[in-house]
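This report concerns only the one structure given below.
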Amino acid sequence: MSAAAPTDIHRDLGRMEGRLDAVEDRLAQMAATLDRIDARLAKIEARENERRGAWVVLVALGSVLSGLIAWLAATFAR
Numbered sequence: 004m005s006a007a008a009p010t011d012i013h014r015d016l017g018r019m020e021g022r023l024d025a026v027e028d029r030l031a032q033m034a035a036t037l038d039r040i041d042a043r044l045a046k047i048e049a050r051e052n053e054r055r056g057a058w059v060v061l062v063a064l065g066s067v068l069s070g071l072i073a074w075l076a077a078t079f080a081r
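Counting from 4, one number per residue, gives the positions in the sequence shown under the numbering used here.
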């Protein structure tokens, strides 16, 4: 079993450093993609919350109007 020459070790370390740089670049790309997905999801959630709020307002308004109509019908039907 022979010991690796210093040049072989340097070459292998250079390869490993190159691979590590590639992994770091890929992780940075993934982080950027996740940030964009988070931003899009936040927009979708905000729109959904607005829709839910509008629906609640419409239901409340319909309830008030139907109660008012029922009261008017009961009052003037006599």
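Glycine is no exception: its CB is placed at the ideal position from the N, C-alpha and C atoms.
*Alpha carbon of P9 to alpha carbon of R29, nearest angstrom*: 30 Å
*Would you kindly report the start and end of the unbroken alpha helix (DSSP H) that includes R6?*
First, the residue type needs correcting, since residue 6 is Ala and not Arg in the sequence shown. From DSSP, A6 is part of no alpha helix (DSSP H); its letter is neither H nor E.
*Under 9 Å between the Cβ atoms of D15 and A6?*
no
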